[in-house]
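What follows is a set of notes on a single structure, which appears directly below.
Number of protein chains: 2
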Amino acid sequence: MDRENQLVARTARAIPSRAGGLLRLGIGDDAAILRPKRGIDWVLTCDAFLEGIHFLANLHPADSVGYKALARATSDLAAMGATPRLFLLTLAIPSSRTGAWLDGFLRGMARAAREFGLRLAGGDTTRCARTLASITVMGEIRAGKAIQRTGARAGDFIYVSGKLGRAQLGLELVRLGKGRDRRLAEFLRPHLYPQIQIELGEWLARRGIPSAMMDISDGLSTDLARLCLASQVGARIDAGRLPCVRIPEQIARRLPRRAHDPLRLALHGGDDYVLLFTVPPKKVKLLRRAPGFRHFARIGVITRDRHIVLVHQPGRAEILRPLGWDPFRQSS
Amino acid sequence: MDRENQLVARTARAIPSRAGGLLRLGIGDDAAILRPKRGIDWVLTCDAFLEGIHFLANLHPADSVGYKALARATSDLAAMGATPRLFLLTLAIPSSRTGAWLDGFLRGMARAAREFGLRLAGGDTTRCARTLASITVMGEIRAGKAIQRTGARAGDFIYVSGKLGRAQLGLELVRLGKGRDRRLAEFLRPHLYPQIQIELGEWLARRGIPSAMMDISDGLSTDLARLCLASQVGARIDAGRLPCVRIPEQIARRLPRRAHDPLRLALHGGDDYVLLFTVPPKKVKLLRRAPGFRHFARIGVITRDRHIVLVHQPGRAEILRPLGWDPFRQSS
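Given below as structure tokens:
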């Protein structure tokens, strides 16, 4: 269990949090599920977006910070198949950023809200030496249709809905100070303005196709480990099937060594916000009509034992450790 | 309009936030109101609690930080008359605080959750150089019964539900490093573990007695200005009727000059979380059965012109400026 997971478990033990009544699903999945009336579930989740942790104030454009803060939170709704409705924004900023920077931030967030179909319902604004945004987002879904992390069973196939490692590649370029270089827009976009797979999540949930689903925000190795832990299963991943990025030579030249390896980016890179889901073999045929199906990759299979094994080629395999983004791995 | 209010208005203009449909009341009041089904409104609000802004890590006990972070958010529900149900917690802490400090924090928050009848529905945990908590809290109320800030009319009487300035006095003691001094518990408690007036809020809203209501979190002068602005009215406050604290001589001796004046503490001190509400004359009689009525003070009357006037004695009056807590007044 990674350290973030341990903290969540400790919090849930300390504070009254048992599901029941109005609260259909409590702490531990992508989002909580409430049932305000028969036939409808509300899906509710919150997410922090912090300067120095999730973005770098000097390197990330203000409108990307606003866009991404909302995208990140909304992706947890997509991961359950819910339709986004409303959000609340807690925003703390230094006085020095209440001018043009804030305009850019709000512009990016407004664009994300329109794209995702979200309305701002309320918020809290305060001052802080470092910028931070915390967002609570609420979505709606037909009662009982939300896809949780807990349903994966041995034999289910494992899919991802798009390329892995693109956002990490963009981050490496931002770290080089290229975050505003228009010639690199194609490589920066997945990191600065990630696509959120709302439509796909809704489509999959409506048909009840996935046995388990979540979004990849912290990297495949870390998020797949969470899905497997929640479902009490393991997985075998075929390295050759991972939908890796292609890195053009003229880009690779500029990058630090750690970013040269597309497989490593695909396994451990964060922020892609593609959907990771498992499908029982008998439902695989239904998948073909999914929006964006041609971008899907079937990357492996769920297994009974609890390990996650990465198979490079027949006879060459290794245990896949969760080496994606874990905020508590570095000390502070 | 204070700077925090200006920021809220700017945010509401930039991001889609118009009320309508599910969203009955949008940004700008104590909380948003949603109507999930006929007969029931849900009240939703979020609140930040930040190290260095709302608490001082070296001076405030960890369990007070946890208690107060939740109390502060929940007070906005009480201010509308709603019954607290669920909350979500975004928590960012330095790695160095994941041990005993976090245990204390969770213990305080758990106690608050039990007292307020709240269950933790979900959250997000991450690392940050400084501790921050952002809380979204959800409450329930009979449809249309929530009391907003907008309904005060000229001639309505103005009430506060308890003493003013007690929390500020506690803060001054904490700043002197006395936050853990058990002999001062009585003076520290209002600041460290504020009472939230949930029962009173429910009682008042159920009977539709107040024409407008909010909680005093940033000081009477600042919060009354907000209520008046929202209702497009003014007020006349009788200084002699303000329920000020009495400061014993042995405490006063230790305090800095600014904290010696009970009137000043009552006007501008923050964090008291008493309710501030206006009542039409014909409903005043109904008030007498309110829980805690003997602690109420009728401090003035709503007026037609837009100023807030503080009357010291017949013939001696001044315009009351909002000099309570405004996070953007100091620079950072």
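From first to last, the protein sequence lines stand for chains S and G. With numbering that gives the first Met the number 0, letter number 59 in the first sequence gets 58, and the count goes up by one each step, no holes. With numbering that gives the first Met the number 0, letter number 30 in the second sequence gets 29, and the count goes up by one each step, no holes. For every residue, glycine included, the Cβ atom is placed at its ideal position computed from N, Cα and C. Remember, it's a predicted structure, so these values are computed and weren't measured experimentally.
DSSP places G/Phe186 in the uninterrupted alpha helix (DSSP H) bounded by 184-191. In this structure S/Cys45 touches G/Leu87 by the C-beta definition: roughly 4 Å separates them, less than 8 Å. Closest in C-alpha terms to S/Tyr192, from the list S/Gly169, S/Trp202, S/Ala211, S/Leu203, comes S/Gly169.
At a cut-off of 3 residues, the continuous stretches assigned as beta strand (DSSP E) that sit fully inside the stretch 267-309 of chain G are 274-278, 296-302. DSSP, reduced to helix, strand and coil, places S/Gln5 within a helical segment of the structure shown.
At least one beta carbon of chain G lies nearer than 8 Å to the beta carbon of S/Gly51.
When beta bridges are read from the DSSP output, G/Arg126 appears opposite G/Ile92. Interface with chain S (8 Å Cβ-Cβ cutoff): G/Asp123 is included.
Below the 8 Å Cβ cutoff, chain S contributes Ala109, Ala112, Arg113, Leu117, Arg118, Leu119 as neighbours of G/Pro15, in chain order.
With a threshold of 8 Å between beta carbons, S/Lys144 makes no contact with chain G. When rounded, the separation of the alpha-carbon atoms in S/Gln194 and G/Leu203 is 47 Å. A check of alpha carbon separations from G/Leu43 across G/Arg315, G/Ala78, G/Val64, G/Gln196 identifies G/Ala78 as the nearest. Judged by DSSP in its simplified three-state form, S/Ser133 adopts strand.
The residues Leu21, Arg23, Asp40, Ala142, in chain order, have a CB closer than 7 Å to that of S/Arg34 in the same chain once the five nearest residues on each side in sequence are set aside. Residues are counted here when their Cβ sits less than 7 Å from a Cβ of chain S; for the stretch 131-143 of chain G these are Leu131, Ser133, Thr135, given in chain order.
When C-beta atoms of the stretch 143-153 of chain S are compared with those of the stretch 63-70 of chain G, fewer than three pairs fall below 8 Å, so the two segments do not count as touching.
In this structure, S/Leu163 lies away from S/Leu117, with their beta-carbon atoms at least 8 Å apart.
Rounded to the nearest angstrom, the gap between the Cα atoms of G/Val136 and G/Phe48 is 13 Å.
Contact note: G/Leu105 reaches chain S through Arg9, Thr10, Arg12, Ala13, Ile14, using a C-beta cutoff of 9 Å and chain order. Setting aside the 5 residues that flank it on each side, G/Glu139 is surrounded in the same chain by Ile39, Asp40, Trp41, Val42, Ala81, Thr82, Arg84, each with a C-beta closer than 8 Å to its C-beta; the list follows chain order. Proximity of S/Lys36 to chain G, defined by a Cβ-Cβ separation below 8 Å, is satisfied. The C-beta of S/His259 has fewer than 16 other C-beta atoms within 10 Å across all chains shown, which makes the residue exposed. Under the three-state reduction of DSSP, S/Ile246 is assigned to coil, being neither helix nor strand. Contact fails between the stretch 259-269 of chain S and the stretch 4-16 of chain G, because fewer than three Cβ pairs, one in each stretch, are under 8 Å apart. In this structure, DSSP gives G/Trp202 a helical state, which the three-state scheme calls helix. A direct Cα-Cα distance of roughly 33 Å separates S/Arg126 from S/Ile197.
Remark: C-beta atoms of G/Leu223 and G/Ile307 approach each other more closely than 8 Å. DSSP, reduced to helix, strand and coil, places G/Asp40 within a strand of the structure shown.
When only Cα atoms are considered, G/Ser216 and S/Glu50 end up about 27 Å apart.
Within the same chain, and ignoring the five residues on either side of G/Asp28 in sequence, the residues whose Cβ sits closer than 6 Å to its Cβ are Gln147, Arg148. Within chain S, Leu87, Ala120, Gly121 have C-beta atoms less than 7 Å from the C-beta of G/Leu43, given in sequence order. Just so you know, the alpha carbons of S/Thr73 and G/Gln231 end up roughly 36 Å apart.
DSSP, reduced to helix, strand and coil, places G/Arg253 outside both helices and strands of the structure shown, so it counts as coil. For G/Val159, DSSP records a beta bridge to G/Leu275, G/Ala296.
Taking the C-beta atoms as reference points, G/Leu275 is found nearer than 8 Å to G/Val159. Residue environment for S/Asp123: buried (at least 16 other C-beta atoms within 10 angstroms of its C-beta).
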